[in-house]
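First comes the structure, then the notes that go with it.
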Amino acid sequence: NAGVMQNPRHLVRRRGQEARLRCSPMKGHSHVYWYRQLPEEGLKFMVYLQKENIIDESGMPKERFSAEFPKEGPSILRIQQVVRGDSAAYFCASSPQRIRLAGDTGELFFGEGSRLTVL
Amino acid sequence: AQKVTQAQTEISVVEKEDVTLDCVYETRDTTYYLFWYKQPPSGELVFLIRRNSFDEQNEISGRYSWNFQKSTSSFNFTITASQVVDSAVYFCALSESGGYQKVTFGTGTKLQVIP
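So the protein sequences, as listed, match chains A and B. Going by our numbering, the first sequence opens with residue 1, and the numbers climb by one from there. Going by our numbering, the second sequence opens with residue 1001, and the numbers climb by one from there.
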């Protein structure tokens, strides 16, 4: 019963390179969320996706960042032309459905994060 | 807009002491959800609790207890008889009733339990 799987766990890139972070949600989950945690800060919402659809990308930087969740395969967070300020931990979370008012814990199941370091 | 404030940046306690982590939130919604997550030094996020806005009953789970007070918009977390394994960063979080889990996190409180 695998949890949310993120890879790579650690990624080092030089300025200007591309970073691709992958997230496989828990089995049966069709909702994926990406959060970013800058050093010494809390998590900030980036984007919410369902299969083949971006539902809310209000937390995504306008440039260089994109996300997808294809019909088959993991969700991908892509950062083009990385800069030092992109160094952070990127967490993926999944849930089986939208929140209901009762009957579920409302838990977001988080992966262990991908730590991006930009040199 | 929703906001979560954890005013305590770092707390140190000696093992076996009780400690309370404060959380104050802001939201315009009447229906919302509050969470606590633990982030140990290994970095993963561990779900601790979720509360609905219409359920103000306090909750106890072992050495953990939570005090939810809508009148003061607070959702405080108390660890009784702290242990070294409790050392972690604790995040309070809020989600409005938009139908999905767009969660707003506080900046976290780093708890260090000294043996």
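Beta carbons: idealized from backbone N, C-alpha and C, even for Gly.
Buried or exposed: residue i, going by 16 or more other Cβ atoms within 10 Å of its Cβ?
i: histidine 10 of chain A; result: exposed
i: serine 58 of chain A; result: exposed
i: alanine 19 of chain A; result: buried
i: lysine 1102 of chain B; result: buried
i: glycine 16 of chain A; result: exposed
i: valine 47 of chain A; result: buried
i: aspartate 86 of chain A; result: buried
i: threonine 1104 of chain B; result: buried
Enumerate in chain order the residues of its own chain whose CB-to-CB distance from residue i is below 7 Å, with the five nearest sequence positions on each side excluded.
i: valine 1113 of chain B; result: Val1013, Glu1015, Ser1082, Gln1083, Val1084, Asp1086, Ser1087
i: glycine 103 of chain A; result: Since pLDDT at glycine 103 of chain A reaches only 47, below the 50 mark, its modelled position is unreliable, and no value is offered.
Roughly how many angstroms separate the alpha carbons of residue i and residue j, rounded to a whole number?
i: serine 1073 of chain B; j: glutamate 72 of chain A; result: 42 Å
i: valine 4 of chain A; j: lysine 1038 of chain B; result: 17 Å
i: arginine 13 of chain A; j: glutamine 50 of chain A; result: 28 Å
i: alanine 1093 of chain B; j: serine 1061 of chain B; result: 19 Å
i: proline 39 of chain A; j: threonine 1009 of chain B; result: 14 Å
i: alanine 1001 of chain B; j: glutamate 1096 of chain B; result: 10 Å
i: proline 1115 of chain B; j: glycine 1043 of chain B; result: 22 Å
i: glutamine 1057 of chain B; j: glutamate 52 of chain A; result: 40 Å
i: arginine 1028 of chain B; j: lysine 1003 of chain B; result: 10 Å
i: glutamate 41 of chain A; j: proline 74 of chain A; result: 27 Å
i: methionine 26 of chain A; j: phenylalanine 109 of chain A; result: 8 Å
i: glutamine 1069 of chain B; j: tryptophan 34 of chain A; result: 30 Å
According to DSSP, is residue i helix, strand or coil?
i: valine 1113 of chain B; result: strand
i: serine 993 of chain B; result: Limits of chain B in this structure are 1001 at one end and 1115 at the other, which puts residue 993 of chain B out of reach.
i: arginine 20 of chain A; result: strand
i: aspartate 86 of chain A; result: helix
i: valine 12 of chain A; result: strand
i: aspartate 1086 of chain B; result: helix
i: serine 30 of chain A; result: coil
i: serine 75 of chain A; result: strand
i: alanine 1081 of chain B; result: coil
i: arginine 64 of chain A; result: coil
i: glutamate 1015 of chain B; result: coil
i: glutamine 1039 of chain B; result: strand
i: phenylalanine 1105 of chain B; result: strand
i: glutamate 40 of chain A; result: coil
i: leucine 49 of chain A; result: strand
i: cysteine 92 of chain A; result: strand
i: glutamine 81 of chain A; result: coil
i: asparagine 7 of chain A; result: strand
i: threonine 117 of chain A; result: strand
i: threonine 1030 of chain B; result: coil
i: asparagine 1076 of chain B; result: strand
i: glycine 103 of chain A; result: Unreliable positioning characterises glycine 103 of chain A in this predicted model, as indicated by a pLDDT of 47, which lies under 50. The coordinate reading is nonetheless provided below. In this structure, glycine 103 of chain A counts as coil in the three-state DSSP scheme.
i: glutamine 1006 of chain B; result: coil
i: aspartate 56 of chain A; result: strand
Excluding the five sequence neighbours on either side, which residues of its own chain have a C-beta within less than 6 Å of the C-beta of residue i, listed in chain order?
i: phenylalanine 1077 of chain B; result: Leu1021, Trp1036, Trp1066
i: valine 1046 of chain B; result: Lys1038
i: serine 66 of chain A; result: Arg78
i: valine 1089 of chain B; result: Gln1039, Gly1108, Lys1110
Suppose the cutoff is 8 Å on Cβ atoms and the five residues either side in sequence are ignored; what does the same chain contact list for residue i look like?
i: glycine 28 of chain A; result: Pro96
i: cysteine 1023 of chain B; result: Val1004, Thr1005, Gln1006, Leu1034, Trp1036, Ser1074, Phe1075, Asn1076, Phe1077, Cys1092, Gly1106
Measuring from the CB of residue i, is there a heavy atom of the ligand MG at a distance below 7 Å?
i: alanine 1093 of chain B; result: With respect to the ligand MG, the structure offers nothing, as it holds no ligand at all.
Residues in the region 13-42 of chain A having any Cβ partner in chain B nearer than 7 Å: His31, Tyr33, Glu41, Gly42
Any residues in the region 1033-1049 of chain B with a beta carbon nearer than 7 Å to a beta carbon of chain A? Which ones, in chain order? Tyr1033, Gly1043, Glu1044, Leu1045, Phe1047
Relative to chain A, which residues along the region 1077-1091 of chain B have a C-beta separation below 7 Å, given in chain order? Phe1091
Give me the subset of the region 52-69 of chain A whose CB atoms are less than 9 Å from a CB atom of chain B, sorted by chain position. Ile55, Asp56, Ser58, Gly59
Please identify, using Cβ separations under 8 Å, the residues of the region 1008-1031 of chain B that lie next to chain A, in order along the chain. Those residues of the region 1008-1031 of chain B that come within reach of chain A (Cβ to Cβ, closer than 8 Å) are Thr1031.
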